[in-house]
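A.B. asks: Attaching a single structure in structure tokens format; questions to follow.
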Amino acid sequence: MIPLAAPVAQYRAHAEAIHAAIGRVLESGQYILGGEVAAFEQAFAEYCGGGHAVGVASGTDALILALKALGIGPEDEVITVSHTAVATVAAVLACGATPVLVDVDPIYYTIDAARIEEAITSRSKAIIAVHLYGQAADMDAIAEIARRRGLRLVEDCAQAAGGRYRNRRLGSLGDVGCFSFYPTKNLGAIGDGGLVLSADAKIAARVRRLRQYGWDDNRETHEAGINSRLDPIQAAILRAKLPHLDADNKRRAAIADRYDAAFAHSPLAVPVARREATHVYHLYVVRCDDRDSLREHVGADRIGSAAHYPLPVHCQRGYAEKVVVPKSGLPVTTALADRVLSLPIYPELSDAEVDRVVASVCRYRQL
């Protein structure tokens, strides 16, 4: 079986360093925050080109705490997309704010900057630009709108660790960048984890307080917070894996190149990478009209696949009644939900396994 993702393969590739990192934490006796978390925060900030990094318990918490640190709360609106992981929208609701959802563009599948202006109201306070599948959003256009309209800009980098836009690391272009270290991510923990990155020391300091009840260094509170601390074992594991992230992303891109070449003359629409950005291929997503049949076919060949995402957030119970969508709907988002399919792509995927995926897809397309 070729799985869609294989975090255990990543563990095995770095097992010696991971075990050493875990052992170091266990021997330290420091099991909450401490030196390991601080060391990873510093290493990750340096990797991203500077700024201040704050480790938290998950990517969802990174978004929640970032929004709260920016002063987003009840009566505010946050503009983002429906074609994303539910966490993006859930984080807005967790702050008491209203998600205002706009469509994605039909080529890159990221937020359509041309649709943002029409969604802005007097209550708008921020834009969350989701770098989906490892693909950067149109940051030039989005940042210009945010500056001109006085909105905060949050980068959802959960699927794009290591990516670049105009030679700057994703996460360093907005007011804050939010990362997930879920095990299947490009930089994955062995458990949950997240991080907030900001060039603004005051924003980072507020996130640091909010992640631990609102405490300052004297354990005195100035506002209510939550308990969302990056575990030191996960921080140590992530620091051990961070030096390999660029090489891992390069391998993902090489696999994507092989898929692109193999499917170039097929009816499949392959991913289109922005010329001004570096796609890190968290997912390799093709588009086809017979998605479910193709998924069934590759599954019969023991190849994993998935639809990201088969049900847009604005169509899901518990969210549909709490979000705002344009009167014209979200036609691109709706069309993608029925047509996109993710194929296996991860650094440990062998050339022979890539060939198997290609052969299976090509056999189907020849039927």
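Numbering of the sequence shown is given in our numbering, commencing with residue 1215 and proceeding in unit increments. Just so it is clear, CB atoms sit at the ideal spot from N, CA and C, and this is done for glycine as well. None of these values were measured; they are calculated from a predicted model.
1) Can you tell me whether alanine 1514 is buried or exposed? The criterion is at least 16 other CB atoms within 10 Å of its CB, across all chains shown.
2) So the candidates are Gly1518, Leu1315 and Ser1296; which of them puts its Cα closest to the Cα of methionine 1215?
3) Which residues mark the beginning and the end of the beta strand (DSSP E) in which alanine 1585 is found?
4) Of the residues Ile1417, Arg1366, Arg1465 and Asp1504, which one's Cα is nearest the Cα of asparagine 1400?
5) What separation, rounded to the nearest whole angstrom, lies between the Cα atoms of leucine 1581 and histidine 1522?
6) How long is the line joining the alpha carbons of alanine 1231 and leucine 1247, rounded to whole angstroms?
7) Taking C-alpha atoms, which residue in Lys1455, Ser1507 and Leu1544 lies nearest to alanine 1235?
8) In chain order, which continuous runs of the beta strand (DSSP E) of length 3 or greater are located wholly inside the region 1244-1328?
9) Could you give the DSSP three-state label for serine 1542: helix, strand or coil?
10) Nearest CA to the CA of leucine 1544: which residue from Gly1377, Tyr1323, Tyr1245 and Glu1241?
11) Can you tell me whether proline 1481 is buried or exposed? The criterion is at least 16 other CB atoms within 10 Å of its CB, across all chains shown.
12) Just the Cα atoms here: how many angstroms apart are arginine 1531 and valine 1538?
13) Report the three-state DSSP secondary structure of lysine 1395 (helix, strand or coil).
14) The alpha helix (DSSP H) that contains leucine 1452, what's its start and end?
15) Find the nearest neighbour of arginine 1337 within the set Glu1291, Arg1423, His1479 and Gln1256, judged by alpha-carbon distance.
16) Could you check if arginine 1363 is buried or exposed, using at least 16 other CB atoms within 10 Å of its CB as the buried criterion?
17) According to DSSP, simplified to helix, strand and coil, what is tyrosine 1473?
18) Would you list the residues sitting across from asparagine 1441 in a DSSP beta bridge?
19) Valine 1568 by DSSP, collapsed to three states: which one?
20) Specify whether the region 1283-1301 and the region 1444-1451 touch according to this definition: at least 3 beta carbon pairs, one from each stretch, less than 8 Å apart.
21) For aspartate 1506, name the three-state secondary structure that DSSP assigns.
22) Count the C-beta pairs between the region 1269-1278 and the region 1407-1427 that are closer than 8 Å, then say yes if the count reaches three, no if not.
23) Could you check whether the region 1389-1397 touches the region 1427-1439, counting it as contact only if at least three pairs of C-beta atoms, one from each stretch, sit closer than 8 Å?
24) Hey, quick one: how far does the beta strand (DSSP E) through alanine 1219 stretch, first residue to last?
C.D. replies: By the coordinates alone:
1) exposed
2) Ranking Gly1518, Leu1315 and Ser1296 by Cα distance to methionine 1215 puts Gly1518 first.
3) Here the chain comprises residues numbered 1215 to 1581, so residue 1585 is not present and cannot be evaluated.
4) Arg1465
5) Low per-residue confidence applies at leucine 1581: pLDDT is 46, beneath 50, and the placement is therefore not dependable, though the value from the model is reported in the following sentence. Each residue's alpha carbon lies about 25 Å from the other.
6) 20 Å
7) Lys1455
8) 1266-1270, 1291-1295 and 1312-1316
9) Coil.
10) Tyr1323
11) exposed
12) 14 Å
13) As written in the sequence, residue 1395 is phenylalanine, which differs from the lysine given in the question. Residue state, collapsed to three classes: coil.
14) Unbroken alpha helix (DSSP H) run through leucine 1452: 1446-1455.
15) For arginine 1337, the closest alpha carbon among the candidates Glu1291, Arg1423, His1479 and Gln1256 is that of Glu1291.
16) exposed
17) In the structure shown, tyrosine 1473 sits in a helix (DSSP, three-state: H, G or I).
18) DSSP lists Gln1426 as partners of asparagine 1441.
19) helix
20) no
21) Aspartate 1506: helix per DSSP, three-state reduction.
22) yes
23) Note that the region 1389-1397 does not touch the region 1427-1439; fewer than 3 beta-carbon pairs, one per stretch, sit closer than 8 Å.
24) Run containing alanine 1219: none; DSSP gives neither H nor E here.
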